[in-house]
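In the numbering used here, the protein residues as written are 316 to 449.
Glycine included, every Cβ here is placed at the ideal spot set by N, Cα and C.
What follows is a short report on a single structure.
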């Protein structure tokens, strides 16, 4: 599971995912702003935990080119509408945009990092079962 985003939230989601047996990679930007993704395959979940659409653009654009089974993004329904508008302006097809689970998580808005982590991990686990169970 790749988890770029705000540090405390990303670390909390990552810790819970590791306890649950997931391999976790936290992505960080280099000094030039470049983000290098590890090998991402069909069994990878990408979790975006930014509170600013401008900060997530580079990573989200890259994530949509990758084969991960799950792409989740933080933010309200209104924030996701802005995200969709931006992606459509960049030429993404509805089928690409539909890969993004937003607002992220299994249950409603989470007010703290622990609740967010539980919600995100439950959503990833459910999506994984759905994707890989015959």
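query: According to DSSP, is residue 329 helix, strand or coil?
result: helix
task: Take residue 432 and list the residues in its own chain whose beta-carbon comes closer than 6 Å to its own, dropping the five residues that flank it on each side.
output: 327, 328 and 331
field: Own chain, CB closer than 8 Å to residue 437, minus 5 neighbours either side, in chain order
entry: 420, 421 and 422
message: In the DSSP output, what is residue 385 paired with across the bridge?
response: 360
message: Using 8 Å for Cβ pairs, my map puts residue 363 next to residue 389. What's the rounded Cβ distance?
response: 6 Å
query: Do residue 361 and residue 336 have their CB atoms nearer than 8 Å?
result: no
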